[in-house]
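Participant: Questions regarding the structure given below will be posed in turn.
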Amino acid sequence: MKIDKSNNLSERLHLVVAQETDFIHAQLRELGLNNQQARLLKYVSEHPGTIQKDVAEYLNRQNATVTNMLKLMTKRGYILRKIPADNERQKQIFLEPKGKELLGSINATFAALEKEIESAVPKKEQAAFIRNLERITKKLEP
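Those letters in the sequence shown? Residues 1 to 142, per the UniProt record's numbering, in order.
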């Protein structure tokens, strides 16, 4: 039995997220990265010296998950974790040159995704669309 999802908002959001993930994975596959790893590198490039807690919050992932991701990205030579002299409890995260090399492709991937999404929503409706997404985000926050 086929379910009509046309008026079911949560199913529509789920479908959009799945399509976004597929789009990004197709673009990033050749780099050997997944969506979360690419977003992590992009975030660290925009916030050099960030800490794990901030990365976890940005990615909406648990600390243990981010710990494993950081270990892998360090092992691959994409990031460097430094212990600052003034706070030995929190390691700062920086991009290594190998991680910086990927940024052009990562940024191009997310720019292409943005272009696809923007082309689907008429310019005059985009502000309202964003407001609606913000309301949904706020309502679903724990």
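Note that the Cβ used here is the ideal one computed from N, Cα and C, for glycine as well.
1. In three-state terms, what does DSSP make of LEU33?
2. My understanding is that LYS91 touches ILE79, with C-beta atoms under 8 Å, so please give their C-beta distance in whole angstroms.
3. By the 10 Å Cβ neighbour count, where 16 or more other Cβ atoms means buried, how is residue 144 classified, buried or exposed?
4. Does the distance from the CB of SER45 to the CB of LEU113 come in under 8 Å?
5. Do you know whose CA, among ARG61, ALA108 and GLU88, lies nearest GLN27's CA?
6. Output needed for LEU33: all residues of its chain with C-beta closer than 8 Å, excluding positions within five of it in sequence on either side, in chain order.
7. Along the chain, where does the beta strand (DSSP E) containing ILE79 start, and where does it finish?
8. What is the DSSP secondary structure of GLN92, counted as helix, strand or coil?
9. Give me the Cα-Cα distance between GLY49 and ARG131, rounded to the nearest whole angstrom.
Facilitator: So, to answer that:
1. DSSP places LEU33 in coil when its eight states are reduced to three.
2. Not quite, the Cβ-Cβ distance comes to about 10 Å (not below 8 Å), so this is no contact.
3. This structure does not reach residue 144, given that the chain is present from 1 up to 142, and the question cannot be answered.
4. no
5. ALA108
6. LEU41, LEU102 and ILE106
7. From DSSP, the beta strand (DSSP E) with ILE79 extends over 79 to 82.
8. Strand.
9. 31 Å
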